[in-house]
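A quick write-up on the structure given underneath.
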Amino acid sequence: MSSNYNKDNLITRLKRIEGQVRGLQKMLEEERRCVDVLTQLSAVKGALNKTAEEIMKGYTKSCILEYEQTGNEKMLDELIQVLSKFREI
């Protein structure tokens, strides 16, 4: 992974998401209302998307910088391939 992101910030985000997922499990066990569960699922999805966005920003910068230094188009091809996987985010 690139060093163009704040690792501690990402770990904190992922721990928060982990807590949200545990909360979802508890909500299902307690048979909470569907609207509450769906609202929480939406929040988890948003948090995951934001985390992916932060990682993608760092990765994109890293690939572009490496391409500028080396001219290696393989980095750009890899970047395009990864971006295509996240186009729905």
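For the sequence shown, my numbering assigns the number -12 to the initial residue and increments by one for each residue that follows.
Beta carbons are placed, not taken as given, at the ideal position from N, Cα and C, and that holds for glycine.
Keep in mind the model is a prediction, meaning the values are calculated, not measured.
Legend entry - Cβ-Cβ distance between threonine 47 and leucine 1 below 8 Å: no
Legend entry - C-beta contact flag for leucine 15 and valine 22 at 8 Å: Leucine 15 places its beta carbon 8 Å or farther from that of valine 22.
Inset, instruction - Determine the closest residue to asparagine -7 out of Lys44, Thr57, Gly58 and Met62, with distance taken between C-alpha atoms. - result: Lys44
Legend entry - Same chain, Cβ closer than 7 Å to leucine 63, neighbours up to 5 away in sequence not counted: Cys50 and Tyr54
Inset, instruction - Name the two residues that bound the continuous alpha helix (DSSP H) containing glycine 6. - result: -6 to 16
Inset, instruction - To the nearest angstrom, report how far apart isoleucine 104 and glutamine 27 are at their CA atoms. - result: No answer is possible for residue 104: the residues shown for the chain start at -12 and end at 76.
Legend entry - Which listed residue (Gln12, Leu11, Thr(-1) and Glu40) has its alpha carbon closest to that of leucine 70: Comparing Cα-Cα distances from leucine 70 to each of Gln12, Leu11, Thr(-1) and Glu40, the minimum goes to Glu40.
Legend entry - Simplified DSSP state of asparagine 36, which is helix, strand or coil: helix
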